[in-house]
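K.L.:
Could you have a look at this structure, given as structure tokens, before my questions?
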Amino acid sequence: MKCSLAYAMGAVLGLVALSFITDNGHVWQGLRECYLRGYSSAMIDDLPFKATRTIHASPSPRHWPRHSGYTETLPAAVLDSTHAQKTVALAVIHQDSLLLDWTSDQVDGADSLRTNSFSVAKTFTALAVGVAITDGLLSVDDPVSKFLPRFKKGLGADLTVEQVLQMRSGIPFGENYKNPVGFMARSTYGKDILNRTANHAVEGKAGMPWKYQGGNTLLLQEILLTLIDEPLGSWFERRIWQPLGCAEDAEWAVDNRGHERNYCCFYTRAKEYARLGQFLLDSGQVDGVQLIDRAFMAALMAPVGPLPDGTDIQHYGYQVWMGQHEGHPFTAYIGLHGQYILAVHDLDLVAVRTGFRRPKGKRDHLDVDVYSTVGLAMSLVD
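Its first residue numbered 453, the sequence shown is counted upward by one per residue in this note's numbering.
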């Protein structure tokens, strides 16, 4: 028995040693955060496991005024499906006023749960770049090599900031969230994430093909850090979060070097996420102050369009998605498991959904539940 136990302990220690020798030590953190909790990938309630930077609330917080049709109740027709998907919260803003403020009574701690944004944070990063462009620190037409000299040689020499914003860097980072040794798992659970980005290079023609990858968002952070004298999270807090009047602290996960895991892992609640949706409706303006240049905001929300390889990307802009529902165009921050901030421009309408699951299926490249959420919000203003 003692011999068997010794062999077992030796095998475990050997596996641990091998994981670190092969640069896969992150898998143990992944086991702790998800697999040992019964999940096959990261989940929205993982904040207690994360090292974070606090994004402090505004010293002059703005609270949503209540809409004349304000409600905390969902229509009975959608309640069962909402609970089935373990939706945590839904918020709808109409004409700058809070129309719906619904929180699940079937999710423990839903009232106070600050949920993981997942890829919603990609758009936050694009907005942070937009502030730097507004300050004249860079242009979307600048070559990436202007900021990161490793791109001066080879296929990366022609890569531009805009191409990175549009997810067409030509760098094969990989985007499989369920591969425990893939790029995204290493970035989510590992150390020194920007160094991992630096180990990847352009392998095709810069600007093609369009390929959605969190590595591009990390690359944007790396570019931005050459221009600003503070971490990305502090820049976002000072230049966007606080000017928006966000009333609560948020958190942004960081690695061992204090770099944001900025393709994901921003934590707040639905009504604060809604501020970022309203920011799109207002084209980067708050109280008459243009925080981000209007031209950049227009480009952010414009589709990539036709590419030389014959593809026509109409569903994506600068780190943000777009679509139409019943003839109404909308712009969408979208994250894993159905995290949504949706801005319906012609209706002056924002819808936010946070939750543990989403229905399977896509429509015009977007989750089918995006359209359901837009439809729910629209039904409340009919």
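The beta carbon of each residue, even a glycine, is placed where N, CA and C say it ideally should be.
Can you tell which of Lys538, Thr720, Tyr715 has its C-alpha closest to the C-alpha of Leu646?
P.N.:
Tyr715
K.L.:
By how many angstroms is the C-alpha of Arg713 removed from the C-alpha of Ser639?
P.N.:
7 Å
K.L.:
Is DSSP giving Trp693 helix, strand or coil here?
P.N.:
helix
K.L.:
Could you have a look at Ile473 and say whether DSSP puts it in helix, strand or coil?
P.N.:
A caution first: Ile473 carries a pLDDT of 48, below 50, which makes its placement in the model unreliable, though a value can still be read off. Helix, per DSSP.
K.L.:
Rounded to the nearest angstrom, how far is the Cβ of Val772 from that of Thr575, given a contact under 8 Å?
P.N.:
5 Å
K.L.:
Can you tell which of Ile765, Glu703, Ala784 has its C-alpha closest to the C-alpha of Leu499?
P.N.:
Glu703
K.L.:
Give the single residue among Pro695, Thr523, Tyr768, Leu617 whose Cα lies nearest to the Cα of Ile744.
P.N.:
Pro695
K.L.:
Measuring alpha carbon to alpha carbon, tell me which residue in Glu700, Leu818, Glu485, Ala578 is nearest Ala749.
P.N.:
Here residue 749 is Met; the residue named in the question, Ala, does not match the sequence. For Met749, the closest alpha carbon among the candidates Glu700, Leu818, Glu485, Ala578 is that of Ala578.
K.L.:
I need the boundaries of the alpha helix (DSSP H) containing Phe576, first residue and last residue.
P.N.:
572-586
K.L.:
Hey, which unbroken runs of the beta strand (DSSP E) at 3 residues or more fall wholly within the region 751-815?
P.N.:
DSSP runs (the beta strand (DSSP E)) wholly in the region 751-815: 773-777, 780-787, 791-796, 801-807.
K.L.:
Skipping 5 residues on each side, what residues in its chain have a beta carbon closer than 7 Å to that of Thr506?
P.N.:
Asp701, Glu703
K.L.:
Please classify Pro683 as buried or exposed, where buried requires at least 16 other C-beta atoms within 10 Å of its C-beta.
P.N.:
buried
K.L.:
Verify the CB distance criterion: does Pro527 have a CB-CB separation below 7 Å to chain D?
P.N.:
Reference to chain D is not applicable here, since this structure consists of a single protein chain.
K.L.:
What is the rounded straight-line gap between the Cα of Val741 and the Cα of Cys698?
P.N.:
16 Å
K.L.:
Please report the residue range of the beta strand (DSSP E) in which Arg518 lies.
P.N.:
From DSSP, the beta strand (DSSP E) with Arg518 extends over 518-523.
K.L.:
So, with DSSP's three-state summary, where would you put His546?
P.N.:
strand
K.L.:
Cβ of Phe718 within 7 Å of Cβ of Ala573?
P.N.:
Contact check for Phe718 against Ala573 passes: the beta carbons are separated by less than 7 Å.
K.L.:
For Ala726 and Ile793, which I take to be in contact (beta-carbon distance under 8 Å), what is that distance rounded to the nearest angstrom?
P.N.:
7 Å
K.L.:
My guess is that Leu551 and Gly582 are in contact by the Cβ rule of under 8 Å, so how many angstroms apart are they, rounded?
P.N.:
Their Cβ separation, rounded to whole angstroms, is 28 Å, which puts Leu551 and Gly582 out of contact at 8 Å.
K.L.:
Less than 7 Å separating the beta-carbons of Arg566 and Thr720?
P.N.:
Yes.
K.L.:
Suppose the cutoff is 7 Å on Cβ atoms and the five residues either side in sequence are ignored; what does the same chain contact list for Gln615 look like?
P.N.:
Ser621, Ala658, Gly659
K.L.:
Compute the Euclidean distance between the alpha carbons of Arg602 and Pro661, then round it to the nearest angstrom.
P.N.:
Spanning the alpha carbons of Arg602 and Pro661 requires a straight line of approximately 21 Å.
K.L.:
Return the first residue and the last residue of the alpha helix (DSSP H) that Arg727 is part of.
P.N.:
722-733
K.L.:
Within 10 angstroms of its Cβ, does Thr825 collect 16 or more other Cβ (buried), or is it exposed?
P.N.:
buried
K.L.:
Tell me which same chain residues have a C-beta within less than 6 Å of the C-beta of Asn628, skipping the five on either side of it?
P.N.:
Gly634
K.L.:
Rank Ser533, Gly490, Gln547 by C-alpha distance to the C-alpha of Pro517 and give the top, closest one.
P.N.:
Gln547
K.L.:
At which residues does the beta strand (DSSP E) containing Ile507 begin and terminate?
P.N.:
For Ile507, the enclosing beta strand (DSSP E) covers residues 504-507.
K.L.:
With distances taken Cα to Cα, identify the nearest neighbour of Ala543 among His535, Thr555, Val796.
P.N.:
Cα-wise, what sits closest to Ala543 is Thr555.
K.L.:
If I measure Cβ to Cβ from Gln618 and keep anything under 6 Å in the same chain, skipping five residues before and after, which residues do I get?
P.N.:
Val756
K.L.:
Enumerate in chain order the residues of its own chain whose CB-to-CB distance from Thr763 is below 7 Å, with the five nearest sequence positions on each side excluded.
P.N.:
Pro661, Trp662
K.L.:
Per the DSSP calculation, Lys718 is bridged to which residue(s)?
P.N.:
In the sequence as displayed, the identity of residue 718 is Phe instead of Lys. BP columns for Phe718 point to Trp704.
K.L.:
Return the Cβ separation of Leu752 and Asp800 in integer angstroms, given the expectation that the two are a contact with Cβ distance under 8 Å.
P.N.:
That pair is no contact at about 19 Å.
K.L.:
Nearest CA to the CA of Phe501: which residue from His519, Gln481, His508?
P.N.:
Gln481
K.L.:
Going by the DSSP bridge assignment, what does Glu674 pair with across the sheet?
P.N.:
Partner(s): none; Glu674 has no beta bridge.
K.L.:
Enumerate in chain order the residues of its own chain whose CB-to-CB distance from Gln537 is below 8 Å, with the five nearest sequence positions on each side excluded.
P.N.:
Apart from sequence neighbours up to five positions away, the residues of its chain that approach Gln537 with a beta-carbon distance below 8 Å are Gly790, Gly807, Phe808, Arg809, Arg810, Pro811, Asp821, ordered along the chain.
K.L.:
Suppose contacts are defined by Cβ-Cβ distances below 7 Å. Is Val802 in contact with Gly729 by that definition?
P.N.:
With a cutoff of 7 Å on beta-carbon distance, Val802 and Gly729 are scored as near each other.
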